[in-house]
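Taking it in order: structure first as C-alpha cells, then the write-up.
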DNA sequence: GAATTTTGTTTGCTCCCCAAACAATCTCCG
DNA sequence: CGGAGATTGTTTGGGGAGCAAACAAAATTC
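Below, the structure written as C-alpha cells:
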C-alpha cells in the first residue's frame, strides 16, 4: 500500500469531473453549445482561408437584406450599443466589404450598404456558413433541428424581450 | 404623391427588419438565445445586490464539487486557456470566495477550494440561479426543457469535441 | 543526474461591451 | 422663424474574455 494506483485526494480525475447541478441548467447547456459552435465556425472559415466571426456574418446579412440601414437601427437589431458598433463597422469598411453612404434625407445618419466586393464576399461566406451549419446539425434529424430552433426562440422571447 | 407615408428607401423600418436566412440558422438562434439568457442572469443578480457572471457561477460549482482541483484541470473543464483562468481566480480569491492551497503531493499545482464564505455565497447564488432558470424556461414545458437540454448536448458533441 | 514535460504566471495583443461626453443634425413647438 | 430638446455617430475610458509566447519552479522520463 505504498503506491496506490489512484491516490485518494490527489489528481486522479482523468477526463471529466463532477458538474453537479450544471448539467440540468439550460443556461449552462446553452453556453457550452454556443462555445462549441463558435469554435466550429472559426475553424470552418480558417480552413477556407477566410476570416469572419458569427457576429460579423450576421451583420453583413442584415445590411444586405436592409439596404440603407442606419447604424442605430442596426445596433438595435444586434442588441448592442451604438458605440460598440463603430469599430466593427470601421473594420468591415477597412476590409472593403461595406460603405457608409451619406443619407440624402437625414444628415445625421449613415446609410449602410455592402460594396460589390462585399456582396461577392458574402456569397462566399454564405456557402461556408451553410457547410458549417450542416456539420453542427449532423447529429440531429431535420425535425430535431427545426424544434431546436423553435425552442431557442421561445427561450429568447421568455428570457427578456431583447 | 409629394409626401408618401412610407418613403421608399428611407428609414421606415419600425421594429423588426429582414433577417433573411439568419432565422433558419442554428448558430444564429443559439447566439441570440444565449445573449438574452445572459442578460436575464445579470439582471437577476443585480436585482439581488449580487454580482456574478454565468462563467463564474460554473467555475464555483466545479470547484465545490471537485475539491482540490488543479488550475489546469479546471481550465480544461472550462475549455479555456490556463492563462485566461489566472485573472478570474485572482478576482474570486480577492473577493474571499476561493483559495489556492499548496498541494502536498505536487509542488507545481494549486489545490483549489472554496472558502467557508465561498460556500455560503454559492448557496445564495444557487438560489438565484434556480429562480433565473425558472424564468427563462417559463415559456417551455418540462418536457420541452428536457428536450432542449438534450438537443443542445447533441449539438455540442457534434460541433467539435471540446 | 540531465533532458523533457507540466504547471502557474506574466506580458502583449485582439476583441466585445457599456457609459458618458460631444458636435452635428433634426424635430417640435411656441 | 427660432430656440429647446431629442437623435445620431463618434471618441474616450474602463472592464472583461480570450489566446500565444516566454519564463521559473517542480515533476517526470530516460
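Chains as they are written, first to last, in the numbering used here: chain A, 1 to 162; chain B, 1 to 162.
C-beta atoms are modelled at their ideal positions from N, C-alpha and C, and glycine is treated no differently.
Under the three-state DSSP convention, the category residue 65(B) falls into: helix
- prompt: Taking Cβ-Cβ distances below 9 Å as the criterion, which residues of the region 25 to 59 of chain A are in contact with chain B?
  reply: 25, 26, 27, 28, 29, 30, 31, 32, 33, 34, 35, 36, 37, 38, 39, 40, 41, 43, 54, 55, 57 and 58
Span of the beta strand (DSSP E), counted from its first residue to its last, around residue 138(B): No beta strand (DSSP E) contains residue 138(B), which DSSP labels as neither H nor E.
- request: Identify every residue that forms a DSSP beta bridge with residue 101(B).
  value: 111(B)
task: Evaluate contact between the region 39 to 50 of chain B and the region 123 to 131 of chain B, counting only Cβ atoms and requiring at least three cross-stretch pairs below 8 Å.
output: yes
field: CB contact below 8 Å: residue 128(A) versus chain B
entry: no
field: Cutoff 6 Å; reference residue 103(B); Cβ partners in own chain excluding five residues on either side
entry: 109 and 111
- prompt: Name the chain B residues whose beta carbon is nearer than 7 Å to that of residue 75(A)?
  reply: Listed along chain B, no residue sits closer than 7 Å to residue 75(A) by beta-carbon distance, the nearest being about 12 Å off.
query: In chain A, what lies closer than 8 Å to residue 107(B) by C-beta?
result: None at all; the shortest Cβ gap to chain A is about 13 Å.
- prompt: Shorter than 8 Å from the beta carbon of residue 119(A) to some beta carbon of chain B?
  reply: no
- request: For the alpha helix (DSSP H) holding residue 53(A), just list the boundary residues, first then last.
  value: Note, residue 53(A): premise wrong, no alpha helix (DSSP H); not H, not E.
message: List, in chain order, every chain B residue whose beta-carbon is nearer than 8 Å to that of residue 17(A).
response: In chain order: 62, 65, 66, 69, 73 and 77.
field: Under 8 Å between C-beta atoms of residue 61(A) and residue 30(B)
entry: no
field: The alpha helix (DSSP H) enclosing residue 72(B), as first and last residue numbers
entry: 71 to 78
query: Under a CB-based cut-off of 8 Å, is residue 153(A) close to chain B?
result: It does: the Cβ of residue 153(A) has a partner Cβ on chain B nearer than 8 Å.
query: So, do the region 134 to 153 of chain A and the region 17 to 26 of chain B have three or more beta carbon pairs nearer to each other than 8 Å?
result: yes
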